[in-house]
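A.B. asks: Structure incoming, see below.
Numbering (this note's numbering), first residue to last: 30 to 181.
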């Protein structure tokens with residue numbers, strides 16, 4: 030396998046801009062929840078690079094492989110909190126926004142667990158991983174294609 034390009038080398042300013050968005054999005058949420066969001070969006074988008082990266086990151090944080098394996102079927106698995114379920118459902122709705130938007134009933138379920146500021150943080154996290162997914166897929170990134178020392 031070969032990546033189409035190294036987007037960092039081709040346009041480092043674009044990469045740095047995405048990193049700024051990433052830092053902002055990550056600052057408002059629990060790290061485990063943030064990784065769950067990244068994994069679910071990456072599953073939906075079919076981004077092997079991001080899926081590999083974020084399953085490894087969640088494994089380091091939580092050590093719970095069983096939950097990681099069951100993220101795609103979170104509705105049928107008893108291993109997720111109600112807040113995580115609401116965030117995962119929101120992740121699906123925002124990632125697939127053209128399928129029906131974010132229904133009021135979903136907004137209300139999410140708001141049972143997250144205040145307005147946290148709701149915006151969730152949306153920003155979902156937007157950010159969707160951006161990373163599109164960048165990785167469009168440039169042909171795959172698991173292991175980056176230098177493990179530099180991350181680039």
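Every residue gets a Cβ at the ideal spot worked out from N, C-alpha and C, and that includes glycine.
As the structure is a computational prediction, the values presented were derived from the model and not from experiment.
When burial is assigned at 16 or more other CB atoms within 10 Å of the CB, is residue 67 buried or exposed?
C.D. replies: Locating residue 67 in the chain shown gives position 38, where the first residue counts as 1. Buried.
A.B. asks: Is DSSP giving residue 79 helix, strand or coil here?
C.D. replies: Indexing the chain shown from 1 puts residue 79 at position 50. If DSSP states are grouped into helix, strand and coil, residue 79 belongs with the helices.
A.B. asks: For the region 56 to 75 against the region 97 to 113, are there 3 or more C-beta pairs whose distance is under 8 Å?
C.D. replies: yes
A.B. asks: May I ask you to report which of helix, strand or coil DSSP gives residue 109?
C.D. replies: Counted from its first residue, the chain shown places residue 109 at position 80. Coil at residue 109, not helix or strand.
A.B. asks: Under three-state DSSP, which class holds residue 53?
C.D. replies: Stepping through the chain shown from its first residue, residue 53 is reached at position 24. Three-state DSSP puts residue 53 in a helix.
A.B. asks: Relative to the alpha-carbon of residue 52, which residue among 174, 161, 166 has its alpha-carbon at the smallest distance?
C.D. replies: Here residue 52 refers to the residue found at position 23 when the chain shown is read from its first residue. If we check each option's Cα against that of residue 52, 161 comes out closest.
A.B. asks: Please classify residue 93 as buried or exposed, where buried requires at least 16 other C-beta atoms within 10 Å of its C-beta.
C.D. replies: The residue given as residue 93 occupies position 64 in the chain shown. Label assigned to residue 93: exposed.
A.B. asks: Below 8 Å between beta carbons: does that hold for residue 155 and residue 124?
C.D. replies: Within the chain shown, residue 155 is the residue found at index 126, counting from 1. Within the chain shown, residue 124 is the residue found at index 95, counting from 1. It is a contact, given that the beta carbons lie within the stated cut-off.
A.B. asks: Could you compute how far the alpha carbon of residue 32 sits from the alpha carbon of residue 141?
C.D. replies: To locate residue 32, count along the chain shown from 1; it is residue 3. To locate residue 141, count along the chain shown from 1; it is residue 112. Rounded to the nearest angstrom, the two C-alpha atoms are 42 Å apart.
A.B. asks: Would you kindly work out how many angstroms separate the C-alpha atoms of residue 135 and residue 118, rounded to a whole number?
C.D. replies: Here residue 135 corresponds to residue number 106 of the chain shown, with the count starting at 1. Here residue 118 corresponds to residue number 89 of the chain shown, with the count starting at 1. Computed Cα separation, rounded: 8 Å.
A.B. asks: In angstroms with no decimal places, state the Cα-to-Cα distance between residue 172 and residue 157.
C.D. replies: As a first step, residue 172 must be located in the chain shown, where it is residue number 143. As a first step, residue 157 must be located in the chain shown, where it is residue number 128. Each residue's alpha carbon lies about 19 Å from the other.
A.B. asks: Could you tell me the distance, in whole angstroms, from the CA atom of residue 39 to the CA atom of residue 168?
C.D. replies: The count along the chain shown starts at 1 and reaches residue 39 at position 10. The count along the chain shown starts at 1 and reaches residue 168 at position 139. If I take the Cα positions, the gap works out to 11 Å.
A.B. asks: For residue 160, name the three-state secondary structure that DSSP assigns.
C.D. replies: To locate residue 160, count along the chain shown from 1; it is residue 131. It is helical.
A.B. asks: Specify, as a first and last residue, the run of the alpha helix (DSSP H) that residue 74 falls within.
C.D. replies: Position 45 of the chain shown, counted from the first residue, corresponds to residue 74. Bounds of the alpha helix (DSSP H) holding residue 74 are 60 to 74.
A.B. asks: How would you call residue 177, buried or exposed, if buried means at least 16 neighbouring beta carbons within 10 angstroms?
C.D. replies: In the chain shown, residue 177 corresponds to position 148, counting from 1. Only weak support is given to the placement of residue 177: the predicted model assigns it a pLDDT of 49, under 50, and the value that follows is read from those uncertain coordinates. Answer is exposed; the Cβ neighbour count stays below 16.
A.B. asks: Where do the ends of the alpha helix (DSSP H) carrying residue 135 lie?
C.D. replies: Position 106 of the chain shown, counted from the first residue, corresponds to residue 135. Here the alpha helix (DSSP H) through residue 135 covers 133 to 140.
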